[in-house]
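To start, the structure itself, in structure tokens.
Residue numbers (our numbering): 564 to 803.
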């Protein structure tokens, strides 16, 4: 568990499609101390795998709102990876509207909401084609596809998350006013420069775009972890 500092913000992290909270374990260790990292678990994933998985964005967002409520009473920063970036952005808007804005939002490995899609959608394909597309994207353990019982268990989770990610459009309301820090790996096939800069169309504050070495899955890369630490150091210290 990360050791919090009175002035360091809590880092609230939302994982990628089919990702789990422990995906942020390495990042949390790299940032502690002084930052306390809280990784959020989605329904039907990881430690919550016995719960029904959900493919309705508003319902999952409501679940995340409940999970983050107590953490927004003190300084906090949101970080979302890929699909999680959409939820981090909307969480920031939700809490900003209630007078508890994040100090910043870090959006990793995802183009802005109104950018063109670089890859074909997968969520509506038949199972065989869907799983083949997921396999080609990488990030899913290859051995999973060799075990029919695991495929049967995780296909609904994968499909629900791809539905959430591929059908997301911004919810009604004003854009975020806090700084946005947008980053991606130079070898990530899911993003491009124009797409990352599309976040500027959904922000009232500063937007900082950073390209880092690596691909789509870079949470455990020391370069990425140093980047996050640098962003947190750049934020003005709150009055406590």
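Idealized CB from N, CA, C, for every residue including glycine.
Everything numeric in this text was worked out from a predicted model, so none of it was measured.
Check, Outcome
"Can you list, in chain order, the residues of its chain with a C-beta nearer than 7 Å to that of residue 783? Leave out the 5 residues immediately preceding and following it.", "589"
"Starting from the Cα of residue 648, find the closest Cα among 662, 630, 624 and give me that residue.", "624"
"Which parts of the segment 591 to 618 are runs of the alpha helix (DSSP H), unbroken and 4 residues or longer, counting only runs that do not cross its ends?", "none"
"Rounded to whole angstroms, what is the Cα-Cα separation between residue 697 and residue 587?", "21 Å"
"Using beta-carbon positions only, say whether residue 770 and residue 674 come within less than 9 Å of one another.", "no"
"Give me the Cα-Cα distance between residue 741 and residue 584, rounded to the nearest whole angstrom.", "25 Å"
"Measuring straight from C-alpha to C-alpha, what distance separates residue 686 and residue 579?", "15 Å"
"Between which two residues does the alpha helix (DSSP H) harbouring residue 725 extend?", "711 to 730"
"Near residue 732, what residues of its chain come up, given a Cβ to Cβ distance below 8 Å and the 5 sequence neighbours on each side ignored?", "676"
"Using only alpha-carbon positions, find the residue among 591, 645, 719, 660 that is nearest to residue 608.", "719"
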